[in-house]
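In our numbering, the protein residues as written are 5 to 102. Backbone N, C-alpha and C fix where the C-beta goes; we use that ideal spot for every residue, glycine too. Keep in mind it's a predicted model, so treat the numbers as computed, not measured.
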């Protein structure tokens, strides 16, 4: 229940009570605003952490894929070198046979 002073300074007790009520409302509003701000900050921090984690996973996956590609390329190069060596050996054998 809130008492509103009808005239300014009519009854000091009612005026003081009214100001206290008004201060309580202000305190409740301030506390509510602080709670909302804290919740928003926590949500932003959690979302940024999850995004960072997601980015790290993506980078790690890309690194693994890159490694696999490099390994495949190295294997292909080794196979090509082996084929070239075999061809050289065949040519040498043919030239020796002649």
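In this structure, the straight-line span from the alpha carbon of residue 80 to that of residue 71 is close to 14 Å. Within the model, the alpha-carbon separation for residue 54 versus residue 24 is close to 45 Å.
In this structure, the alpha-carbon of residue 37 lies about 10 Å from that of residue 30.
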